[in-house]
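Peer 1: Here it is: the structure, laid out below.
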Amino acid sequence: MIKIHITEPDSDEWRDWRSRCLLATTKLCQDVANGEEVVINEVLYREMRQWYYSSDGPFHGKCAYCESPIAETQGGQLDHFRPKKWVTDLREQRVFIKAADGAETPHPGYYWLAYDWRNLLPTCVGCNTINAWQTPGKRIGKGSRFPLKGTYADAPGLETDEHPLLLNPTEAIEPSVHFEIDDLGIVIPKTEYGDACDAVFGLNERGPLRDGRQNAFRQGFNIVLSLLDAARAADKERLEDCSQTLNSFKLGIAPYSAAGLAGIAKARPKAQKVMHNMSKVSAALGIESQSKDDVHEPDV
Ligand SMILES: [Zn+2]
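For the sequence shown, the numbering used here assigns the number 17 to the initial residue and increments by one for each residue that follows.
Okay, structure coming up:
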């Protein structure tokens with residue numbers, strides 16, 4: 017998982033959709049207040065799905081949770097981060113809320129966020145659908161799970177006081193605080209939030225995810241070494257290629273960028289040592305400055 021910087025599109029089509037979503041939300045809230053059943057318009061919230069899935073969009077065609085590519089390999093799914101109609105905890109037990117009179121009723125779901133663009137995330141089938149990836153003895157996939165610390169919000173606006181254990185990459189979090197990724201592509205949770213994400217999404221149970229992260233880690237590590245070689249050889253073309261690959265990880269464009277960045281971080285001490293030696297060579301030769309075309313300092 018990496019942090020996603022997301023901004024609302026500036027288009028008439030988007031504004032029209034948002035207006036209709038607002039009307040639908042108002043009606044849904046009125047229906048619930050009148051004791052009617054929650055009925056979600058599945059077509060309406062999916063209308064802008066291509067923006068969420070697009071490789072040119074803010075999610076770069078990847079699953080928001082595991083970073084696997086979904087734009088080309090599968091249709092992907094549009095997940096409601098806060099479940100729209102049914103809420104369960106980490107163990108898939110239905111969440112109950114307590115009324116003022118002490119009576120407990122099943123949580124109705126975050127119906128007021130069913131059409132909220134910020135509550136929608138593009139995901140792969142494995143992350144979103146329980147048991148799409150079958151592992152004996154384990155239940156992988158988000159489904160209606162929404163574990164949190166403390167009290168569940170049961171009315172519009174109260175969700176801002178919640179403390180979800182699942183991480184939303186579009187919110188003010190830094191995923192690297194919660195996970196480490198090693199050279200085998202294994203995700204090592206560092207916090208209870210990381211633990212919850214690992215349990216729900218089966219980050220270490222799904223072989224293709226591990227393989228993808230391992231490849232990205234190696235690519236990140238090797239690209240730093242290639243960059244140093246290219247700098248020594250004054251190979252401008254190779255330098256450019258290496259820089260582009262580095263940036264695709266830094267910008268979160270490449271699949272499994274978090275693993276690629278972990279590989280880059282692993283190679284950084286070696287790069288720093290080489291750079292230190294280069295500065296000694298410069299000093300020995302009395303080279304104080306170079307023309308712009310001759311500067312090939314790796315940006316790692
Ligand atoms: Zn996923």
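Glycine residues also receive a C-beta, built at the ideal position from the N, C-alpha and C atoms.
Using a Cβ-Cβ cutoff of less than 6 Å, which residues in the same chain neighbour Pro-25 once the five nearest sequence positions on both sides are dropped?
Peer 2: none
Peer 1: Short of 7 Å in beta carbon distance, which residues of its chain neighbour Arg-229, apart from the five on each side in sequence? Order them along the chain.
Peer 2: Ile-197, Gly-201, Tyr-272 and Ala-275
Peer 1: Using three-state DSSP, classify Asp-309 as helix, strand or coil.
Peer 2: Low local confidence applies: a pLDDT of 49 at Asp-309 is under 50, so the model's placement there is unreliable, and no value is given.
Peer 1: State the CB to CB distance for the pair Cys-140 and Gly-92, rounded to an integer number of angstroms; the pair is presumed to be in contact (CB under 8 Å).
Peer 2: 7 Å
Peer 1: Please tell me whether, using a cut-off of 7 Å, the distance from the CB of Ser-273 to the nearest non-hydrogen atom of ligand 1 is below it.
Peer 2: no
Peer 1: Can you give me the C-alpha to C-alpha distance between Lys-308 and Leu-225, rounded to a whole angstrom?
Peer 2: At Lys-308, the pLDDT of 49 sits below 50, so the modelled position is not reliable; the number obtained from the coordinates is stated separately. One C-alpha to the other measures close to 41 Å.
Peer 1: Give every residue whose Cβ lies closer than 7 Å to any heavy atom of ligand 1, listed in chain order.
Peer 2: Cys-79, Tyr-81, Cys-82, Ser-84, Thr-139, Cys-140, Gly-142, Cys-143 and Phe-217
Peer 1: Please report the distance separating the alpha-carbon of Glu-256 from that of Gly-302.
Peer 2: 28 Å
Peer 1: Can you list, in chain order, the residues of its chain with a C-beta nearer than 6 Å to that of Arg-321? Leave out the 5 residues immediately preceding and following it.
Peer 2: For the chain, the structure presents residues 17 to 316; residue 321 sits outside this window and is missing.
Peer 1: At 4 residues or longer, what runs of the alpha helix (DSSP H) sit wholly inside the region 188-235?
Peer 2: 208-217
Peer 1: Curious, which full-length alpha helix (DSSP H) runs of at least 4 residues does the region 123-185 contain?
Peer 2: 141-144
Peer 1: Sort Val-193, Glu-52, His-194 and Thr-23 by Cα distance to Tyr-68 and report the nearest one.
Peer 2: Thr-23
Peer 1: With a 10 Å radius around its C-beta and 16 neighbouring C-beta atoms as the bar for buried, classify Asn-147 as buried or exposed.
Peer 2: exposed
Peer 1: Less than 8 Å between the CB atoms is what I'm expecting for His-76 and Leu-136, so what's the real figure, rounded?
Peer 2: About 16 Å; that fails the 8 Å criterion.
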